[in-house]
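Student: Quick one: this structure, given as structure tokens, is what I'll be asking you about.
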Amino acid sequence: MSTMKTTRDVKGVGLSIPRPDGPEKVTGRVQYVADIKPRGMLHAKLLRSPHAHARIVRIDTSHARALPGVRAVITAADIPQLKKKAPTRAHAVLAIDRVVFVGQPVVAVAADELAIAEEALDLITVEYQVLPAAVDPLASMQPGAPPVAEAGTEADTSEALAHSAVALAKSDTGPTKAVNVSQQARVQRGDVAKGLAESDLVIENTYRVPMVHQGYLEPHAVLAEWDTNGLLTLWASTQGSFNTRSEVADVLEIPENTIKVIPVECGGGFGGKIRALCEPITAVLARVTKRPVRYVMTRREELEAGMPAPQVIIRLKTGVKKDGTLMALEADTVLDSGSFSGTVLAVSAVFLGSMYKWPNFDIRGSEVLTHKPSVAAYRAPAAPQTIFAIESQMEQIARALHLDPVAFRQRHLISEGDPMVNNQPWQSNGATEVLKRIAEHPMWKSRAEWVKGNGGHGSNGAKRRGVGMAIGGWLGGLQPTGATVRLNPDGSVSVLTGQVDIAGTNIALAQIAASAYGIDVDKVRITTGDTDTAPVTGLSAGSKTVYTVGAAVLEAAQDARRQTLEIAAAEMEASVHDLEIENGKVVVRGVPDRSITLAQIGKKGNLYMSKVQPVLGVSRPAFSKQAPGFAAQLARVEVDTETGEVTLRDFVVVQDVGRAINPLAVEGQMQGGSVQSLGMALTEGLQFDPDTGRLMNPSLLDYRKLTAADLPNIETIIVEVPSPAGPFGARGVGEPPIIPAPAAIANAIQDATGVRITELPVSPERIALGVLAQK
Amino acid sequence: MAKQILSSTINGEAVEVLVQPYETLLDALRETLGLTGPKEGCGTGDCGACTVHLDGKPVASCLMLAVQARGRSVTTIEGLSDNGVLHPLQDAFVRHGVPQCGFCIPGVLMAAAALLAEHPKPSEEEIRYGIAGNLCRCTGYTKMITAISEAAQAAAPRSA
Amino acid sequence: MRRFEVALPESLDECLRLLADRGPESKLLAGGTDLLPQMKNGVTTPKHVIDLSGVAQVHVLESDAKTGLRIGSAVPARQVELDARVRDGYAAIADAAALIGSVQVRNLASVGGNLCNAAPSADMAPPLLALEAQAVIAGPKGERRVPLSDFFTGVRKTVLAPDELLVEIVTPPPGPRSGGSYIRHTPRRELDIAVVGVASQVTLSNGVCAKARIALAAVATTPIRATAAEAALEGKALTPELIDRAADLAVQSATPISDQRGSADFRRHLVRVLTRRTLTTALARAGA
């Protein structure tokens, strides 16, 4: 596709154009779900389980029903479609007879006011028989652990398919051992025991990353209303309106075409708003009350009962020769999925063993269920945690052998064609180029001097400086999609997709359409349709919007261009091959006075009694080639060795984006992803009480996200190694930047203090006590 | 439970509305007055999405009761632009491609506007601390700092 | 939040009458930065909320050479943080006020509220304790004064009866050649709660330390004074070695717990580090 001729000299691909919805956003005019309030709307609240694992003995809702202003109180008994063996979290709309995590919804209320709904919850009595809970994933893997899933529930691998698009051969999965181990995988090559035996240096560490929340500022929100024909409309904060429609249809057992999902402006998703969560119960409340019902999660509910990223524990053992030759890698990965299966287990295996050329490896992965909220994707699911392990390990090897950390990596880094752990070849990628750019960065080259320079702040020279880097990548998602491109009677162009615009992709799509059609981007208008009006579209996730929807828009725009030129050729009695689109006109090359305006063509396709067809470009592509994207990050830190406080002084992200359709938007993605990565590294983690399974930090005071005062400017360097199949060579951009920072930070801290942190977040306590332990 | 009359100045206009005693200022602005610019991101004063000006000072409106605004002046994001003309901060945010999902933006702009009123030529550190009460998950803050700094320069009086 | 009634008194007397009527079922509202989150979480569910916005007496911020500094209980932290009289004469108080929440929270959060909420980590407590402040309390029987060191009785507990109200905090002038500092440790720069907070105030005379006061937050059930450390400093020249010794003694006064914000070991370690640092800064400010 990138070899198709495109029109030069139009304002399109490659320009840094601000998103067109900027003015609406800076004036507060953009509407999110919680801003929409139809007449007669009711407010929903859910009564949630206080126990991680319990049997529901009895529910008494009589007093709640009697409270004036309460319009409905619903339990599972009121929803006959609910199945005991809920295949996914979304299917567990309300608990039937057992709760499996603190925060699981048990009763739903709809009332005139939110305050009344809250009071109604107080009036509901639920009698529980508390059961032993499996909170710690390693304990939960043991035979005899309290069971999480209903016996016989199938593991859900839909998230894995949606996200990683990584195939592990069927023979790689073994039978599950213990009741809570829901997925297993193993990849092997060569002879690990022999490789380790022949190694001069063997390093073994266990890396731990807690569950983290995606951290979107806008909590989950949905507004549901049924019309008198039994058609349901959902205004949803979602990353995929078609996915939401399918899930709700499946859960409520109604046909998909009786549901319209309108994707309202989404205040952040990052993977947490892909799966249905609140939509089914809100729809039920709306059906029962025959009123519009709105449910907005509180921040506390989001943290306690959202769908976080899994806890990851990786035992990693590597063997190398003293000259740095890689010998063997052995790993056990445990992904704690919470109460329902949904991790992308394969990603962990792939990245542990596929970043560098290990001749021998044995990587085992297990997904385990625990009595905690179940997980969903979070921007490059399982990758940051996995790269934290392998990039920390590579750094330690380099340091132990007194090798330059970047040179060591460059020597062993994979290239296009090298086999991944599943023996599929790496697609073309920019990993080498990205690593090279970090190596050339002045902050990397001058690191020894910088570390010695040592600030001089601090009352007693307790500060130490360090520099660290890491590299990681994402394979890039694929999903079939569609787009239409229409020429309007005034010569402007309208593009329709179903793509939820979270990352500013709409302007990039407009630029692609502009460059492909032959018109300036300010004449192109992109619309995101709902599930009734738009072509079926995939998720705004997986770093695939520009790659797939962009390709669809490109194809549809080219189709529209072809149609336009054919009409013009007929009108002007010229050959299509002699025509060009310039300045809003179709002209005969070399004959400037023979032309027809796009507006004329557009009008002809719309005029009463006209015989000219309207221009409507259509595409419906599917994809088979992924386009991996790599990012490397460099961190310069100052550590107060007495308090363990880490100050991030400088941060650089280098990323291969294939082709930057809109550099301004690409930088924004790189910076945003970097800060999420830094949050995982420095301050974030959901802390569950090991006995009760209760979340100990259910507020943003104690679930700490980084503020502007914690950060320096994030320097961005865009690298372009074009992808063979992406529109104009583009690759997906969203996920790579969240991957390397935890390793880069841990490496910088080791450089500064000698302390190696293997558990995230890198808390001041761990550093201070680590420094003390060295003394 | 009787509603209370709230007499206040909202975005420069004298306003008199009925509010519930238990209604927060944020809820009254959004639900009763239809000013949905300020957002609820957490409800506990930890995210800044609800930032409005109270007598010119930035406050977390989710932590105030509506009745506490009686006799005082409140400005929301809807009151930042002047007759449809964007404030230099809003204009700079648009040109620098700052808003992504947009949810934090009204709060950030109100915090930044208050900062500039107090520190017309803020240093980078002052800007960072000025918006440290506003969490953003999409942007990484870098472009916000650049935009605020530029808007401050643009608004600064020309030297003689 | 659940529903409740609100009262809008316009005087201290009116306020006291309301408390006398409904004390146990009511809560006083100043900045709301502790109360509203607690009500939203269901930790407290008062039927009546008494808004102090209209009560002039709790909004004073005055300073004079004789009485010292008077901070009305509803004065926002931001006002205290920026006040030149506080920054010049009572620096440790300004240090602490500047650290509460974010600017959006500090424009609401009251000094009095921070004390009455009585969290062990209350940032305003250590500097006020180190400066030997007094709580001025109004009740049905009139006014009483309680030294702040007697004000806290347990986790989230104070000496206030349900029908009483903290009116203001009075801090006597520390005198010439006196300096103070408050430092706390938090994982983030803003929007955080102290893992450990230490305030030190030293007064010099004839080259030696005439008076030393050290107060700690988040290492006991209430904010406390490190009296053993204080005693070790008084009457002596404040050398780095002596400061280190005092820091060690301060650790002994602390009885920290391990919770999700930090372990007891780490807290003890921080007490040592922050005591040393605040004493060093206080000394520098005293000399200046």
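Protein chains in written order, with this note's numbering: chain U, 1 to 775; chain P, 1001 to 1160; chain A, 2001 to 2288.
Note that CB positions come from ideal geometry on N, CA and C, so glycine has one too.
Note down the Cα distance separating residue 210(U) from residue 648(U), rounded to an integer number of angstroms.
Tutor: C-alpha separation (whole angstroms): 22 Å.
Student: Just the C-alpha distance for residue 2070(A) and residue 2036(A), rounded to the nearest angstrom, thanks.
Tutor: Straight-line Cα distance between these residues: approximately 26 Å.
Student: Going by alpha carbons, who is nearest to residue 642(U) out of 403(U), 775(U), 506(U) and 738(U)?
Tutor: Minimum Cα distance to residue 642(U) is reached at 775(U).
Student: How would you list, in chain order, the residues of chain P whose beta-carbon sits under 8 Å from the beta-carbon of residue 796(U)?
Tutor: This structure cannot settle anything about residue 796(U), because the visible part of chain U is limited to 1 through 775.
Student: Just reading off the alpha helix (DSSP H) that residue 561(U) is part of, what are its end residues?
Tutor: Looking at the DSSP string, the run of the alpha helix (DSSP H) that includes residue 561(U) is 550–572.
Student: Considering Cα atoms alone, identify which of 741(U), 734(U), 10(U) and 772(U) is closest to residue 386(U).
Tutor: Comparing Cα positions, the closest option is 741(U).
Student: So, using beta-carbon positions, are residue 313(U) and residue 121(U) closer together than 8 Å?
Tutor: Their beta carbons are not under 8 Å apart, which means residue 313(U) does not touch residue 121(U) by this criterion.
Student: Consider the Cβ of residue 709(U): report whether some Cβ of chain A lies at a distance smaller than 8 Å.
Tutor: So, interface residue.
Student: Leaving out five residues before and five after residue 47(U) in sequence, what residues of the same chain have Cβ atoms less than 8 Å from its Cβ?
Tutor: Correct list, in chain order: 105, 106, 107, 108, 109, 121, 124 and 126.
Student: With DSSP as the reference, identify every bridge partner of residue 109(U), one or two as the case may be.
Tutor: Beta-bridge pairing links residue 109(U) to 45(U) and 73(U).
Student: Which whole runs of the alpha helix (DSSP H) in the segment 340–406 of chain U are 4 residues long or more, in chain order?
Tutor: Correct list: 345–354 and 383–400.
Student: Closer than 9 Å between beta carbons: that is the criterion. Which residues of the segment 1126–1137 of chain P meet it against chain U?
Tutor: Going along the segment 1126–1137 of chain P in chain order, one finds 1127, 1128, 1129, 1130, 1131, 1132, 1133, 1134, 1135, 1136 and 1137 with a Cβ nearer than 9 Å to chain U.
Student: Under 9 Å Cβ-Cβ, which residues of chain U neighbour residue 1031(P)?
Tutor: In chain order: 37.
Student: Quick check: the Cα distance between residue 1159(P) and residue 1121(P), rounded to an integer number of angstroms?
Tutor: Unreliable positioning characterises residue 1159(P) in this predicted model, as indicated by a pLDDT of 44, which lies under 50. A coordinate reading is not provided.
Student: Going by other Cβ atoms of all chains shown within 10 Å of its Cβ, with 16 needed for buried, is residue 563(U) buried or exposed?
Tutor: Residue 563(U) should be labelled buried.
Student: Identify the residues that DSSP records as bridge partners of residue 128(U): which are they?
Tutor: Residue 128(U) is bridged to 56(U).
Student: Since residue 255(U) is in the alpha helix (DSSP H), which residue starts that stretch and which ends it?
Tutor: Careful: residue 255(U) lies outside any alpha helix (DSSP H) and carries neither H nor E.
Student: Measure from the C-beta of residue 18(U) to each C-beta in chain P and report whether the shortest distance is under 8 Å.
Tutor: Yes, residue 18(U) counts as interfacial toward chain P.
Student: Look at the alpha carbon of residue 68(U) and the alpha carbon of residue 762(U), and state the distance between them as a whole number of angstroms.
Tutor: Their backbone Cα atoms lie some 50 Å apart in a straight line.
Student: Please state whether DSSP places residue 336(U) in a helix, a strand or coil.
Tutor: Looking at residue 336(U) - three-state DSSP - the assignment turns out to be strand.
Student: Hey, which unbroken runs of the alpha helix (DSSP H) at 4 residues or more fall wholly within the segment 2010–2039 of chain A?
Tutor: Taking only runs of at least 4 residues, the alpha helix (DSSP H) segments lying wholly in the segment 2010–2039 of chain A are 2012–2022.
Student: In whole angstroms, what separates the C-alpha of residue 2017(A) from that of residue 2054(A)?
Tutor: Going from the Cα of residue 2017(A) to the Cα of residue 2054(A) covers about 15 Å.
Student: Pull out every residue of the segment 1044–1071 of chain P whose Cβ sits closer than 8 Å to any Cβ of chain C, in chain order.
Tutor: You won't find chain C in this structure, because its protein chains are U, P and A.
Student: Could you check if residue 590(U) is buried or exposed, using at least 16 other CB atoms within 10 Å of its CB as the buried criterion?
Tutor: Residue 590(U) is exposed by the Cβ-count criterion.
Student: Taking 8 Å as the cut-off, decide whether the C-beta atoms of residue 492(U) and residue 525(U) are in contact.
Tutor: Against a cut-off of 8 Å, the Cβ pair of residue 525(U) and residue 492(U) comes out as a contact.
Student: Is there at least one Cβ from chain A nearer than 8 Å to residue 300(U)'s Cβ?
Tutor: Closer than 8 Å to some Cβ of chain A, the Cβ of residue 300(U) qualifies, so yes.
Student: Who are the Cβ neighbours of residue 506(U) in its own chain at under 6 Å, not counting the five residues just before and after it?
Tutor: Hits under 6 Å: 526.
Student: Nearest-angstrom Cα distance between residue 1153(P) and residue 1115(P)?
Tutor: Spanning the two alpha carbons is a distance of roughly 13 Å.
Student: Bridge partners for residue 484(U) per DSSP, in chain order?
Tutor: Per DSSP, 496(U) and 618(U).
Student: Is any heavy atom in the ligand FMN found nearer than 7 Å to the beta carbon of residue 623(U)?
Tutor: Ligands are entirely absent from the displayed structure, and the ligand FMN is therefore not among its contents.
Student: Just checking: is the beta-carbon of residue 2115(A) within a distance shorter than 8 Å of some beta-carbon in chain P?
Tutor: So no, residue 2115(A) is outside the interface.
Student: Indicate whether at least one CB of chain A lies closer than 8 Å to the CB of residue 1099(P).
Tutor: Not closer than 8 Å to any Cβ of chain A, the Cβ of residue 1099(P) fails to qualify, so no.
Student: Can you look up residue 167(U) in the DSSP assignment and give me helix, strand or coil?
Tutor: Any reading at residue 167(U) needs caution, since the residue's pLDDT is 49, under 50, leaving its predicted position unreliable; the model's value is listed next. Residue 167(U) falls in the coil class under three-state DSSP.
Student: Does DSSP put residue 577(U) in a helix, in a strand, or in coil?
Tutor: Looking at residue 577(U) - three-state DSSP - the assignment turns out to be helix.
Student: With a threshold of 6 Å on Cβ separation, who are the neighbours of residue 725(U) within its own chain once the five nearest residues in sequence on each side are excluded?
Tutor: 625.
Student: Taking the straight line between their C-alpha atoms, what separation do you get for residue 2146(A) and residue 2169(A)?
Tutor: In a straight line, the C-alpha of residue 2146(A) is about 10 Å away from that of residue 2169(A).
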